[in-house]
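Below: one structure, written as structure tokens.
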Amino acid sequence: MLEKEILGACLLDTKAADIAITELNKSNFTGESQEIFEVICNLREQGKEADVITVNTILKNAPYLFKLTDNIATTRLIKQHCKDLKKQVLKRDLRTKLIEIVNASEELEPEDIKTRLAELDKEIEVEDIQTEIRDLDLKPYKGIVEVQNKFISTGLPTIDYALNDLVGGLTTLVAGRNNGGKTTFCNQVIANAIDKGHKVLVVNGEEKQEVTVNKLYTAVIGRDEEHFNSIKINRRFKKEPKKETLRALQKWHRGKLKVFSKGESNLKTTDQLFMLMRKELKKSQQDLIVLDNLMSLLTVTSDTEKNGKQAEFMQKCCDMAKENNVHIIVVLHPNKTYRKGDEMESEQIAGTSDLANKADNIITVIREYDEGKIVKGINGYIKVQKNRDYSDLPKAEVYFDPNTGLLLERESETGKVKAYTFKWQQYLNAAPWDD
Numbered sequence: 001m002l003e004k005e006i007l008g009a010c011l012l013d014t015k016a017a018d019i020a021i022t023e024l025n026k027s028n029f030t031g032e033s034q035e036i037f038e039v040i041c042n043l044r045e046q047g048k049e050a051d052v053i054t055v056n057t058i059l060k061n062a063p064y065l066f067k068l069t070d071n072i073a074t075t076r077l078i079k080q081h082c083k084d085l086k087k088q089v090l091k092r093d094l095r096t097k098l099i100e101i102v103n104a105s106e107e108l109e110p111e112d113i114k115t116r117l118a119e120l121d122k123e124i125e126v127e128d129i130q131t132e133i134r135d136l137d138l139k140p141y142k143g144i145v146e147v148q149n150k151f152i153s154t155g156l157p158t159i160d161y162a163l164n165d166l167v168g169g170l171t172t173l174v175a176g177r178n179n180g181g182k183t184t185f186c187n188q189v190i191a192n193a194i195d196k197g198h199k200v201l202v203v204n205g206e207e208k209q210e211v212t213v214n215k216l217y218t219a220v221i222g223r224d225e226e227h228f229n230s231i232k233i234n235r236r237f238k239k240e241p242k243k244e245t246l247r248a249l250q251k252w253h254r255g256k257l258k259v260f261s262k263g264e265s266n267l268k269t270t271d272q273l274f275m276l277m278r279k280e281l282k283k284s285q286q287d288l289i290v291l292d293n294l295m296s297l298l299t300v301t302s303d304t305e306k307n308g309k310q311a312e313f314m315q316k317c318c319d320m321a322k323e324n325n326v327h328i329i330v331v332l333h334p335n336k337t338y339r340k341g342d343e344m345e346s347e348q349i350a351g352t353s354d355l356a357n358k359a360d361n362i363i364t365v366i367r368e369y370d371e372g373k374i375v376k377g378i379n380g381y382i383k384v385q386k387n388r389d390y391s392d393l394p395k396a397e398v399y400f401d402p403n404t405g406l407l408l409e410r411e412s413e414t415g416k417v418k419a420y421t422f423k424w425q426q427y428l429n430a431a432p433w434d435d
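Per the UniProt record's numbering, numbering through the sequence shown is continuous, rising by one, with the last residue being 435.
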């Protein structure tokens, strides 16, 4: 019935035909309807009218054709009819594939069944992609504020000004050596985001969740030792928040922080990881996702497929960021050409060049090893290596505060450090009914 409604509208109204051609393809139709739609498409591509007389001339007096235009009250519902038909076709195809899976289930392993179901889930997502070409006469310019309306601070004024903060819908690569400060930098971005009311998802490849959360809590609490207990872990001591402090911190990030560790899960493939993140985004609508790090999150079975998998991973990040207006940070390592302490170029990021090409921003974190500079309070540098929206590529000196685990920006001329605090303490000594 829907197929007839759509074809009838196309034969009566050129605009309706053009909308249907944009929304649908030949495979959405069956039998004779498929042949008629193909002729309509060919005629419109040639700039010709696709009315019933012209189509009938091509199809040689098809008896089915003239019945299509009977009882078409209006063509204004063409777009909704197209959407309904696509849903109908998708349901039909999914039913067929589900029956195939059920029939083969006795011979399949549980993991194979999950993989096939995951493939069906992907097909549904593809159907939801917006494919309409915008006509600016019908949908005029709304202003840049409409598309850039979510901003997350890094806590470093020079970097924030250069990038205009981390913007929703964009991606940022954060690169640096092991123990060079890249995870520390991401940690304070996470804390800043939560402090400003943003929702954050932290995805680790290898670090245990309790370690991730402990580092965040230590950074948020700061220098105030009265809020910590010192806990001995084997030979070393670690800071652990006191009970009342922990309650305050939990209130501070309530509804705004979720963590996932691939190493503590049974997740096996990159597709499963993105499926997990998409479901979480639909449910919680995060503003920031931090993926730490690419090497430990990417599932690669051989060196020959590594570059292709990395490019695919980055493209998925870009697509997910745009579709959900979320900012995504991907943490990376340098390649073997990089020497410690030097500035890092985009070409020195480990992996395919597609990583740098596809990213909107690149931030490098460089640790200082010169003792003379360290004595002055210069522990490293944060540099904007790529900036999609602006021409600024600044380099900020940073001081590493061992008490908080934060990288604080340092003024080159005065040596003054730009410290800041988080608003978690407002939740201390709260009344029980505030929980």
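Beta carbons are placed, not taken as given, at the ideal position from N, Cα and C, and that holds for glycine.
Treat the numbers as computed from the prediction; the structure is a model and nothing was measured.
Going by the CB atoms, is the gap between residue j and residue i shorter than 8 angstroms?
| i | j | result |
| --- | --- | --- |
| residue 55 | residue 36 | yes |
| residue 192 | residue 159 | no |
| residue 414 | residue 385 | no |
| residue 280 | residue 256 | no |
| residue 137 | residue 199 | no |
| residue 407 | residue 237 | no |
| residue 322 | residue 274 | no |
| residue 366 | residue 346 | no |
| residue 289 | residue 201 | yes |
| residue 427 | residue 248 | yes |
| residue 177 | residue 383 | no |
| residue 357 | residue 348 | no |
| residue 314 | residue 175 | no |
| residue 183 | residue 331 | yes |
| residue 168 | residue 52 | no |
| residue 197 | residue 421 | no |
| residue 91 | residue 120 | no |
| residue 156 | residue 396 | yes |
Taking 8 angstroms as the CB-CB limit, is residue i close to chain D?
| i | result |
| --- | --- |
| residue 295 | Here chain D cannot be found, since the structure has a single protein chain. |
Excluding the 5 residues preceding and the 5 following residue i in the sequence, name in chain order all residues of the same chain whose CB lies nearer than 7 angstroms to its CB.
| i | result |
| --- | --- |
| residue 2 | 81, 84, 85, 88 |
| residue 374 | 368 |
| residue 219 | 187, 188, 191, 404, 405, 406 |
| residue 271 | 118 |
| residue 216 | 187, 190, 191 |
Who are the near neighbours of residue i in its chain, counting only those whose CB is closer than 6 angstroms to its CB and skipping five residues on each side?
| i | result |
| --- | --- |
| residue 324 | 281 |
| residue 4 | 68 |
| residue 32 | 64 |
| residue 171 | 317, 318, 321, 328, 359, 360 |
| residue 101 | 116 |
| residue 10 | 16, 17, 20, 40 |
| residue 180 | 365, 367 |
Excluding the five sequence neighbours on either side, which residues of its own chain have a C-beta within less than 8 angstroms of the C-beta of residue i, listed in chain order?
| i | result |
| --- | --- |
| residue 38 | 26 |
| residue 79 | 19, 23 |
| residue 130 | At residue 130, the pLDDT of 49 sits below 50, so the modelled position is not reliable; the number obtained from the coordinates is stated separately. Nothing listed; no residue qualifies. |
| residue 231 | 237, 238, 239, 240 |
| residue 377 | 399, 410, 415, 417 |
| residue 423 | 195, 252 |
| residue 262 | 203, 204, 205, 206, 273, 296, 297 |
Which residues bound the alpha helix (DSSP H) around residue i?
| i | result |
| --- | --- |
| residue 396 | Here residue 396 belongs to no alpha helix (DSSP H); instead the beta strand (DSSP E) covers 395-401. |
| residue 93 | 78-104 |
| residue 58 | 52-59 |
| residue 248 | 243-252 |
| residue 331 | Residue 331 -> not in any alpha helix (DSSP H); beta strand (DSSP E) instead, spanning 327-332. |
| residue 313 | 306-324 |
| residue 191 | 182-195 |
| residue 284 | 270-284 |
| residue 355 | 354-358 |
| residue 345 | Neither: residue 345 is in no alpha helix (DSSP H) and is coded neither H nor E. |
| residue 21 | 14-23 |
| residue 160 | 157-163 |
| residue 372 | 371-375 |
| residue 215 | 209-221 |
| residue 34 | 31-45 |
Grab the span of the beta strand (DSSP E) containing residue i for me, first residue to last.
| i | result |
| --- | --- |
| residue 460 | For residue 460 there is no data in the structure shown, the boundaries of the chain being 1 and 435. |
| residue 231 | 228-233 |
| residue 409 | 406-410 |
| residue 361 | 361-367 |
| residue 258 | 257-261 |
What residues are listed by DSSP as bridge partners for residue i?
| i | result |
| --- | --- |
| residue 292 | 204 |
| residue 175 | 332, 364 |
| residue 237 | 232 |
| residue 417 | 410 |
| residue 152 | 166 |
(message) Does the segment 343-355 come into contact with the segment 306-321, if we say contact requires no fewer than three beta-carbon pairs (one atom in each stretch) closer than 8 angstroms?
(response) The segment 343-355 vs the segment 306-321: in contact.
query: Do three or more CB pairs link the segment 291-298 to the segment 200-219 at distances below 8 angstroms?
result: Three or more beta-carbon pairs separated by less than 8 angstroms link the segment 291-298 to the segment 200-219, which places the two stretches in contact.
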